[in-house]
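Note that the numbering used here has the first sequence beginning at 13, numbered continuously upward.
Glycine is no exception: its CB is placed at the ideal position from the N, C-alpha and C atoms.
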Amino acid sequence: MNLENHLTSIVKEILTKHYATEIGEKMIQFEKTSKDFAGDITLVVFPLVKIAKKSPVQVGEEIGAILKNEVDLIADFNIVHGFLNLVIANSYWVNKLNEIAIQADYGSSLDKGSRLMVEYSSPNTNKPLHLGHLRNNFLGHSVSRILEANGHTVVKTQIVNDRGIHICKSMLAWERFGEGETPESTKLKGDKFVGKYYVKFDKVLKLETASVIANWEKGNFDESSAFEAEYTKFAEAMAAKEDEKSKKGLADKIKKLANNATPIMRDVKEMLLKWENKDPQVYALWEKMNAWVYAGFADTYKAMQVSFDKLYYESNTYITGKQMVEDGLKKGIFFQKEDGSVWIDLTADGLDEKLVLRGDGTAVYVTQDIGTAQQRMQDYPDLNGIVYTVGNEQDYHFKVLFLILEKLGYEWAKNCHHLSYGMVDLRNDKGEVGKMKSREGTVVDADDLVNEVVLTAKEMTEERGHIEGLSANEKEKLYHLIGLGGLKYYLLKVDPAKRMTFNPEESVELNGNTGPFIQYVHARICSLLRKAGELDKAPIQENVFLHDVEREILKKLVEYPVIVESAGKEYSPALIANYVFDLGKTFNSFWQSVSVFKEEDLELQRMRLELSRNVARVIKSAMYLLGIDVPERM
RNA sequence: GGGCCAGUAGCUCAGCUGGAUAGAGCACCUCCCUUCUAAGGAGGCGGUCCUAGGUUCGAAUCCUAGCUGGCUCACCA
């Protein structure tokens, strides 16, 4: 039982007896003692003032005296305003250290949880991974480990977005403009190679769109008569508007219309249709280009040190989705419009009507998501829920998806959770903050960034010169461990729900609230333990003297399992990151002010080594939950 | 326009199930390596917690209204 619960029941009993009236648990509020005052835990006396009918200070004095007298655990107390600060006996903390020291997986829950699936990454196979994917991958990977630490069995997965109009775009561009070149012939990484053709398609599309609009403006609708009526409507509305915002909105609508009227768009739609009909030529092209992309992704995932247990492919699950939509249509859950498109009406739930199948019968995004969920449940019958690590621009999408699954009658729909995270903004040289835009070339490529942080780690480490004696191979591993650890920590320390600003200099920083700072604490402790040699495993005597900073460290160690639990409940690696930084900082303060080997009292020396050893264990464990390795020297 | 999210130090962020004088890191300024790794430590400077009301013994935290920024409401994914 933790200290707070333990004290709550004791205090409740004593006060009920003393004041001869029932004291509710809600009236007994504990909180951490402010570091400006002596004490380990603080009772807020305000709620008790009414019952005792005395001033807060008097009530505090009274209760403090009773507790000190009757409870061994409480060594001393002091009152500041309405706060009763309690000093817990040293022996309590020392015994806690002895308990922690013999627990194998300290911090992990002993309860058997359920089986969960965590989806993350889920890239499109038409362009390389970028900074946004890094946040996604690190989050998903870390949350998987945090859930495991909470007793769950986790299946790490992704849905590979390997089909759809966007994939056909790079295929068409390569077929038309590629002249047979390959990743091998160009020495480009496969994902980068395919991404190049996606960009090429976009360029051609823009040119064609511009020419379509130019024709329309001249009243020339030869090949796009179907668009004439709609265009005229928008154009007239635009001429009537005065303000820039409305004008721009209408201009965008015209652009979208013109997009769809371009020859290249018509061709790519035809290609998608062919693909869904398994046209052999289109299918072979698709397989070839996807293979290039997967080879590229594999390298990136390896460098990022993330992994998956099971992969799902949209190209496979969208069929299940389509079948489910057809079944749902028969059951009356969906309805069909005149043009053959299929919809679901969610207006009764405060949402809109939502398309689930296009007029030409092809699947949309949500169609395959429905199928994917169903397939996962079939593959893992004991699966209790799915966690989707996807950016917050899709909040609405997941509301819709979960609601559709519920309406289709799936019980497990209510256990699905959208782990929504904010986008990563960039800060440019001028200090302006903005989104990544591929058009402006401000997309931060995942491979480039990983290479850069590793290189910085190498330079910094060589400068320090702490690692003489390591082999070249060991050194390379260390640079990777430090660089990547720094990057992961940088992206994980922020609350997932919040959008964050990416600052290139800060992401490779080694001082302050950073991954390497924490890794360094671990390396220092390892150095200390190497010098100490074999430790005596006997429990520490409970009457040893404790410095304030040592008590602080012990309090933090005791807190660790609570942090792991709330990180699991909130799907938040940031809680772990902040905790472990705080632990490291406190330990550094101890390191600086308290010597281990100069201490003449051997029991004290033993306690300090044991304390240090367990700090290192918790750091290693917490960093593992973040997906970060810690070195023994750096 | 409807819905969702956010606004805390010069910058990046904690704190938000109401509690003490609102905390870290970076940046800037002082000190501390003959001592277990200075990728460190000790201290200083720095705040209308977006604004205005309200609830409360007590509000950065809860409620209401407004302001600012973002996302979303596609036969895109």
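Query                                                                                                                                                             : Result
Near Tyr-636, which residues of its chain fall below 7 Å by C-beta distance, leaving aside the five closest residues on each side in sequence?                    : Arg-157
Kindly indicate which three-state DSSP category Thr-473 falls into: helix, strand or coil?                                                                        : helix
What alpha helix (DSSP H) runs, 4 residues minimum, are completely inside the stretch 500-586?                                                                    : 516-519, 527-544, 560-581
Is there contact here, the stretch 301-311 with the stretch 278-293, by at least three beta-carbon pairs under 8 Å?                                               : no
Let me know if Ala-270 comes out buried or exposed under the rule of 16 or more other beta-carbons within 10 Å of its beta-carbon.                                : buried
Can the beta-carbon of Lys-366 be found closer than 7 Å to that of Val-412?                                                                                       : yes
Between the Cα of Gln-335 and those of Leu-323, Gln-380, Ile-112, spot the shortest distance and give me the residue it belongs to.                               : Gln-380
My guess is that His-478 and Ala-628 are in contact by the Cβ rule of under 8 Å, so how many angstroms apart are they, rounded?                                   : 17 Å between Cβ atoms; not a contact.
Using a threshold of 7 Å, state whether the C-beta atoms of Ala-113 and Ala-101 are closer than that.                                                             : no
Which value, in whole angstroms, describes the spacing of the CA atoms of Tyr-129 and Ala-385?                                                                    : Rather than Tyr, the amino acid found at residue 129 in this sequence is Met. Roughly 10 Å separates the two Cα atoms.
Do Tyr-433 and Leu-151 count as a contact pair if the criterion is CB distance below 7 Å?                                                                         : yes
Could you say which of Leu-285, Lys-281, Val-280, Phe-239 lies nearest to Lys-265 if we only look at CA atoms?                                                    : Phe-239
For the putative contact between Thr-221 and Val-172, defined by C-beta atoms under 8 Å, what is the C-beta separation to the nearest angstrom?                   : No, Thr-221 and Val-172 are not in contact; Cβ-Cβ is about 30 Å, not under 8 Å.
For Leu-55 and Leu-15, which I take to be in contact (beta-carbon distance under 8 Å), what is that distance rounded to the nearest angstrom?                     : So it is not a contact: roughly 12 Å between Cβ atoms.
Report buried or exposed for Phe-189, applying the criterion of at least 16 other Cβ atoms within 10 angstroms of its Cβ.                                         : exposed
What span of residues does the alpha helix (DSSP H) with Ile-158 cover, start to end?                                                                             : 143-161
Starting from the N-terminal side, write out each stretch of the beta strand (DSSP E) that is 3 residues or longer and does not extend beyond the stretch 62-108. : 86-92, 95-100
Going by beta carbon distance, what residues of the same chain come within less than 6 Å of Lys-98, once the five residues before and after it are set aside?     : Lys is not the amino acid found at residue 98; the sequence shown has Leu there. Only Gly-51, Ile-53, Ile-86, Phe-89 meet the Cβ criterion.
Between the alpha carbons of Ile-225 and Lys-267, how many angstroms are there, rounded?                                                                          : 8 Å
Look at Leu-250 and Cys-180 and say whether their C-beta atoms are less than 7 Å apart.                                                                           : Note that residue 250 is Met in the sequence shown, not Leu. Result no, Cβ atoms of Met-250 and Cys-180 do not sit closer than 7 Å.
Which residue wins for smallest C-alpha separation from Phe-599, given the options Tyr-532, Lys-549, Pro-140, Pro-643?                                            : Tyr-532
Going by alpha carbons, who is nearest to Ala-296 out of Val-576, Glu-488, Glu-187, Tyr-491?                                                                      : Glu-187
From Leu-566 to Gly-421, what does the alpha carbon distance come to, in whole angstroms?                                                                         : 50 Å
Three or more C-beta pairs closer than 8 Å, one from the stretch 555-572 and one from the stretch 601-613: is that the case here?                                 : yes
Using DSSP with H/G/I as helix, E/B as strand and the rest coil, what is Glu-115?                                                                                 : Per the sequence shown, the amino acid found at residue 115 is Gln instead of Glu. Coil, per DSSP.
May I ask you to report which of helix, strand or coil DSSP gives Ile-53?                                                                                         : strand
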